[in-house]
Amino acid sequence: MKKIKFLLLAFMALFVSMSMTGCSDEDDPNGNDDDPTLLSDYHFDLWVALDRHGGMGRDVQTLVRSVGSLEADQPEISFEGKGTEVNSIMTLETILKGAYYYQVPVAGDRFSKYTIENNKIKVVAERRFETNTYAARKYTHAWIDDHTLVIVASNGDGNQVVWTKLNADNMTIISEGTLDVKLAEGAELFTTSGILTYRKSDNKLFYFYYSKSGGKRGSRMTPMMTAVIDPATMAVESDTPCFIDCEMVGTAYGELLQTTTVIDSSNNLYIACFSKDAGGNEHSHLLKIPANSTKFDESYDGFTAGGKLISILYIGGNEVMAYARDDSKGTGIDDFSHYYAVINLDTKTSTPVKYNGEPLAFSSGRFSSRMCFVNHKAYIGVDAKDVNPVIYIYDAKSRETSKGVELKAGVYFEQIRVVENEKK
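In structure tokens:
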């Protein structure tokens with residue numbers, strides 16, 4: 044049994060590719076690489092809050108603890124005297140790739156690269172802003188290769204969209220500029236961050252954004268717009284409105300808290316978005332830009348269940364793990380109204396994740412990155428009412444769910460991250 048567990052942990056290195064809010068396998072989206080090479084240099088970082096759930100800039104104390112396994116055969120995971128306090132330096136909204144976290148930190152005047160090692164935050168490299176500036180939490184990003192990170196956001200006045208291309212190895216600024224997108228007539232602001240994603244198959248960046256009226260809570264004035272960008276030059280090749288009057292999920296935080304875009308094994312690109320009816324009720328959609336196309340398939344909407352999509356994660360076999368909200372049970376961040384389901388992208392069916400024949404309990408915490416997929420398994424966190432936070436393990440091959448480790452009571456479960464150990 045110990046040998047099997049060692050092998051499972053060892054295989055993780057073959058399937059991990061990081062973004063902010065999760066892990067997936069970009070080279071093989073199905074995760075079907077069975078190379079038996081033994082690599083055991085990965086661990087899980089668990090992020091929790093002490094006061095209430097984080098997100099939306101909430102002022103909460105955040106702790107992180109690294110563990111080697113999330114299986115059930117161990118004591119409850121405690122953060123007392125063992126967690127790293129991070130919120131004085133780092134924000135919950137962060138980018139993760141390989142061994143490193145990247146973000147605009149609390150200081151808000153630089154790009155930073157970190158590791159969390161032996162319960163301490165280690166600054167690996169930092170780079171002060173040059174021309175373009177960014178605020179902590181309020182930007183989007185995409186990796187165009189393993190070394191090049193693109194950051195995009197609206198500027199301080201909100202009337203332009205700026206970009207910076209970074210060498211992630213040494214955190215030097217490769218280039219920066221302003222994206223050639225236009226405010227709609229009568230609009231005053233661009234959405235704060237938007238959503239940026241890269242599709243390797245046709246070497247395109249897709250930037251999803253919209254225009255809005257002025258003021259802190261300006262109203263959206265356009266549908267979701269899709270700017271298709273050449274990653275080499277950052278030139279905008281096309282800029283078109285969505286066929287549905289909708290906006291992106293999580294747009295203010297640009298996938299720093301949760302993932303809202305996926306690319307399947309056939310290179311179709313999906314994005315979670317939502318519209319509102321006349322009564323102001325939100326209705327989610329899962330829209331698709333087919334492979335080799337830059338336009339949405341107007342006949343496709345992959346989310347047929349009610350409520351709101353919060354986060355999606357590709358788990359192979361043309362399926363995604365979704366974290367969603369049942370609006371009849373509450374729409375607040377801390378309401379116990381959030382659940383996990385598997386969406387089949389072909390049939391557009393949504394099936395709740397079950398354990399012992401029953402759906403997992405509803406969770407609180409809206410801005411969640413409590414999902415990660417590695418070695419054919421989705422690790423998902425449930426923060427249910429009146430019980431300890433629990434991690435469940437969904438096997439995408441067998442479609443069976445097992446119960447993993449529990450967290451000790453008294454914390455609000457925020458994120459699961461899979462992190463490569465830093466090579467010395």
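The opening position of the sequence shown corresponds to residue 44 in the numbering used here, with each subsequent residue numbered one higher.
Just so you know, even glycine gets a beta-carbon here, dropped at the ideal spot from N, CA and C.
- Looking at the backbone, the Cα of D94 and that of D429 are separated by about 16 Å.
- I423 is bridged by DSSP to M414, Y435.
- When DSSP states are grouped into helix, strand and coil, A295 belongs to the helix group.
- Between the segment 346-354 and the segment 367-374, the count of C-beta pairs closer than 8 Å reaches three or more; the two stretches touch.
- In the three-state scheme derived from DSSP, where H, G and I count as helix and E and B as strand, K243 is classed as helix.
- Along the segment 145-204, the beta strand (DSSP E) occurs as fully enclosed runs of 3 or more residues at 153-160, 163-171, 183-186, 191-197, listed in sequence order.
- The DSSP-derived three-state label of D370 is helix.
- Burial check for A230: the Cβ neighbour count within 10 Å reaches 16 or more, so the residue is buried.
- For I332, the uninterrupted beta strand (DSSP E) segment begins and ends at 325-332.
- The beta carbons of L139 and R108 sit no closer together than 8 Å.
- The beta-carbon separation of Y157 and Y144, rounded to 5 Å, stays under the 8 Å limit for a contact.
- In this structure, the CA atom of I376 is about 17 Å from the CA atom of A365.
- Across the set E465, I358, A275, E449, the C-alpha of E449 shows the shortest separation from the C-alpha of P118.
- Beta-bridge pairing by DSSP links Q117 to no other residue.
- Shown here, G350 sits in coil according to DSSP, grouped into three states, outside any helix or strand.
- Contact annotation, Y382 with F405: C-beta distance approximately 6 Å; criterion of less than 8 Å satisfied.
- If you draw a straight line from the Cα of K259 to the Cα of P432, it is about 35 Å long.
- Judged by beta-carbon spacing, K420 lies within the 8 Å limit of Y437, meaning their Cβ atoms are closer than that value.
- Counted as a single uninterrupted DSSP element, the beta strand (DSSP E) harbouring D88 occupies residues 85-92.
- Under DSSP, E128 forms a beta bridge with L106.
- Ranked by Cα distance from D188, the options K208, S318, G124, A179 are led by K208.
- For F405, no beta strand (DSSP E) run applies, since DSSP gives it neither H nor E.
- Counting C-beta pairs closer than 8 Å gives fewer than three between the segment 275-282 and the segment 296-305, which falls short of the contact rule.
- Residue range 381-387 is occupied by the beta strand (DSSP E) that includes V385.
- When Cβ pairs closer than 8 Å are counted between the two stretches, the segment 187-205 is seen not to touch the segment 162-169, the count staying below three.
- The segment 283-293 makes contact with the segment 254-271: 3 or more CB pairs, one atom from each, lie closer than 8 Å.
- Shortest Cα-Cα distance from F249 to any of N399, Y241, S256 involves Y241.
- The Cβ atoms of I386 and L312 lie no closer than 8 Å to each other.
- If you ignore the 5 residues before and after T221, its C-beta comes within less than 6 Å of the C-beta of Q203, V205, all in its own chain and listed in chain order.
- Within the same chain, and ignoring the five residues on either side of T303 in sequence, the residues whose Cβ sits closer than 7 Å to its Cβ are I238, M291, V292, G293, I314, A315, S354, I355.
- Our two residues, T191 and G400, have alpha carbons roughly 45 Å apart in a direct line.
- Residues of the same chain with a CB within less than 8 Å of the CB of E341, apart from the 5 flanking positions on each side, are F286 in chain order.
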